[in-house]
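Per my numbering, residue 9 is the first one in the sequence shown, and the count goes up by one each step.
We put the CB at the ideal spot given by N, CA and C, even for glycine.
For clarity, every value in this text was computed on a predicted model and none was experimentally measured.
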Amino acid sequence: MKFYVTTPIYYVNAAPTVGSASTTIMCDVLARYHRLRGDDVFLTTGTDEHALKVLRVAEQRGMDPKAYVDEMASLYREEWARLNISYDDFIQTSEPRQHRAVQAFMEALYQSGDLYEGAYEGWYCVSDETFFAEPELVEGRCPNPECGKPVEWVSEPAFFFRFSKYGDRLLQHIEANPNWLLPEFRKNEVVSFIRGGLRDVCVTRRGTWGIPLPSSIPNSEGLVVYVWADALINYLTCAGYPDAPERFAEWWPADVHLMAKEIFTRFHATFWPATLMSVGRELPRLVAAHGYWTVGGQKIAKSAGGSVPRPGPVLQAIRDETGCSEERAVDALRYYMLREIPFGPDGEFSVEALLRRYTDDLGNDLGNLVHRVLSMLGRYRKGVLPAPCPPEAVLTEAAQAAAEGWDEALKTVQFSAGLQAIWSFLAVANRYVDQQAPWSLAKSGDNAALDRVLYASAEALRLAAVLIAPVMPSTADEIERQLGLTEWPRTWEQATRWGLLPGGQQIGEAEPIFPKLEKAKGEESKSPFASLRVNSESKDEKAKGEKRMVSIKDFQNLDLRVAEVLTAEPVPGANKLLKLTVDIGAEQRTLVAGIALCYRPEDLIGKKIVVVTNLEPATIRGVRSEGMLLAGSVAGDDTSITLVTPERSLPNGAVVK
Ligand SMILES: [Zn+2]
């Protein structure tokens, strides 16, 4: 199977931020996962260089624009190398191959009759590369609140793409391919955008910095292709269009286009597929948009100054705070970015949260497991692996569930849910060691049992290394190295096979993989991390005083439904929790709710309640909770909890808004 995945190509007017890093990491994880599965993988990234702004900045610096974009592109190459991005191709739109592809594509659009001559005039913001109508301007300036710069009146001959012609075909394609656009709530935005009526789009501007329209198109002299129309075509160029038709036939269509939401609705989900339809090319198989990272609730602006979190200082900070190696810091950042927020909505980039993930998920759940198993092998068996034991069902079943959970989650690019499935396996492995208690077996001299438990525990580490490899490749290598497996030909299938660790093998010294740095009391952190932390703390303090406002869009991201309670039972060992099964119309869900002090299970059956149905699932006391019910209480008083119920009867699944 072939698997072609693309990052968007990034504007060269600013260095990479944690935002572009996260997009690129997501694509890299998909690529690594498919390589492990044995697929033929092609991962592309690159830089978008024909923006007018680029030309202006180069002029200000007295640089040749090509020299400037090359310098900026190398920043991206360095950053992606540092973040262990396994890209197969890095394209710069100023390359000759892109020039040939864009010209061939425009020629094809012209031949299809969808490119026509007209005139474009309007107020133009150079910074945003966008035309605005007079009423849209704010006091004669750019209406983008993050910009506000003066606009210029531009009137020029131009070519237009017959976008208006493709609304129905796009809607049909969306309907016929339910998983083509993700996430679901953003697909709905696309549908409304199309239903609102598509207007033909100007795809050229006058100038020299850009790719000229082919001279075969009459009256095209002096016109170059708009920077974003040019940029989208890179996906074809990388696949071999138009120079290598055989290679192109093999790789196109792309399997996944992944990007941030800002370039989804108007570009990747509509304009781009419409132009592909026009020239008779297949559409990409999946187009998926993640949300923004925010800092203190604000979008991380690409063009903003030094306060924007960039990967380099964040990595340095992780090292300063924990004493870990550069490789572990990279993996910690990769893990955090995929695990912290579900794919789709915006999420807050927070140093505290990153450190918490480092300590809890990586240090405690994974690092400790590795360290204590290897230490016991050293202590009880002089670092020699016992002979393979028969499969331990509890471990093989958990590994199977983790691999399947990941496979399933990745079909809809739900990285966070996939990682939760893998962390459930780590929880089982930790519990296995606790319950089998090798230290007691060593004391009682039950050598056969000790060998079995030590081998099974070490085998669990090997399974874990496979499972985490797409997200944390260097950590997977390190776990295998500590197990004595070097140059191990890792495959995804090995995550569900038992007994591959060779018995009798000498393993190395156990070294903590996610170390913790003990700081002297009162010692101040000097890392740039510290300033980020102070920054976000002061924001938090501010938030205490004044409620943070959310937009109507933020609220609409919540899917609230009327649900009926079908079953209710206590959660063993937790006196406040109840496990509920509820009917939300289209399906039944399991929820864990902290209402046991106020409701007896039998009193809940048949009650109509309100449930948040698109909340990221969580495992609470071993029960997977797929949603959250709404309830109110007097602040801090768990005995005053009262369920929110519809005031009059509504069917199960009715929308609450
Ligand atoms: Zn602007």
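Spatial neighbours of Thr283 in its chain, beta-carbon cut-off 7 Å, leaving aside the 5 residues before and after: Leu117, Phe169
How many angstroms separate the CA atom of Glu666 from the CA atom of Val77? The chain is shown only over 9 to 665; residue 666 falls outside these bounds and no answer can be derived.
Using 9 Å as the threshold, is the C-beta distance between Pro396 and Pro578 below it? no
To which residues of the same chain is Ala409 closer than 8 Å at the C-beta, ignoring the five residues directly before and after it? Ala429, Ser432, Phe433
Among Gly516, Ala239, Ala662, the one whose alpha carbon lies nearest that of Gly391: Gly516
What's the gap between the Cα of Leu651 and the Cα of Val479? 40 Å
CB of Leu525 within 9 Å of CB of Leu341, strictly: no
Local Cβ density within 10 Å of Asp591, reported as buried at 16 or more and exposed below that: buried
Considering only residues of the same chain and omitting the five flanking positions on each side of Asp263, which have a CB-CB separation below 7 Å? Phe11, Tyr12, Val13, Arg293, Leu294
So the candidates are Ala112, Asn438, Met80, Met114; which of them puts its Cα closest to the Cα of Ile99? Met80
Same chain, Cβ closer than 6 Å to Ile349, five either side skipped, listed in chain order: Gly355
Given this structure, state the Cα-to-Cα distance separating Pro261 from Phe113, to the nearest angstrom. 15 Å
Consult DSSP for Ala468 and reduce its assignment to one of helix, strand or coil. helix
Around ligand 1, which residues pass a check of Cβ closer than 6 Å to any of its heavy atoms? Cys133, Ser135, Asp136, Cys150, Asn152, Cys155, Lys157
Neighbourhood of Ala361 by C-beta distance below 8 Å, restricted to the same chain and skipping five residues each side: Tyr344, Glu348
The alpha helix (DSSP H) with Ile487 in it runs from where to where? 481-490
So within the region 44-82, which uninterrupted beta strand (DSSP E) runs reach at least 3 residues, ignoring any that extend past its ends? 48-56
Proximal residues to Leu244 (C-beta, below 6 Å), its chain only, five neighbours per side dropped: Ala109
Quick one: give me the first and last residue of the beta strand (DSSP E) that Ile617 is part of. 616-620
Looking at the structure shown, is Ser120 part of a helix, part of a strand, or coil, going by DSSP? coil
Is it a yes or a no for the region 413-430 touching the region 492-499, going by three-plus beta-carbon pairs under 8 Å? no
Spatial neighbours of Gln514 within its chain, please: C-beta separation below 7 Å, excluding the five flanking residues on both sides. Gly391, Val392, Gly492
What three-state label does DSSP hand Leu574 in the structure shown? strand
Neighbourhood of Gly313 by C-beta, 8 Å cutoff - its chain only, sequence neighbours within 5 removed: Caution is warranted here: a pLDDT of 47 is assigned to Gly313, below 50, making its placement in the model unreliable, and the coordinate value is therefore given only provisionally. So no residue of the chain qualifies.
Using 8 Å as the threshold, is the region 176-190 in touch with the region 120-132, meaning 3 or more CB pairs across them? no
Could you tell me which of Thr278, Tyr95, Asp339 sits nearest to Gly205, measuring between CA atoms? Thr278
According to DSSP, is Glu412 part of a helix, a strand, or is it coil? helix
Consult DSSP for Pro24 and reduce its assignment to one of helix, strand or coil. coil
Contact check, Tyr463 vs Val402 under 8 Å by CB: the rounded distance? The Cβ separation is near 14 Å, so there is no contact.
So for Lys157, helix, strand or coil by DSSP? coil
Straight-line gap, Lys550 to Gly304 (C-alpha atoms, nearest Å): Annotation note: pLDDT 37 at Lys550 (below 50); position unreliable, no value reported.
Near Ile93, which residues of its chain fall below 6 Å by C-beta distance, leaving aside the five closest residues on each side in sequence? Thr32, Asp36
Beta carbon of Pro399 nearer than 9 Å to that of Phe357: no
Excluding the 5 residues preceding and the 5 following Tyr300 in the sequence, name in chain order all residues of the same chain whose CB lies nearer than 6 Å to its CB. Lys307, Asp354
Could you tell me the alpha carbon to alpha carbon distance between Ser657 and Val664, rounded to whole angstroms? 13 Å
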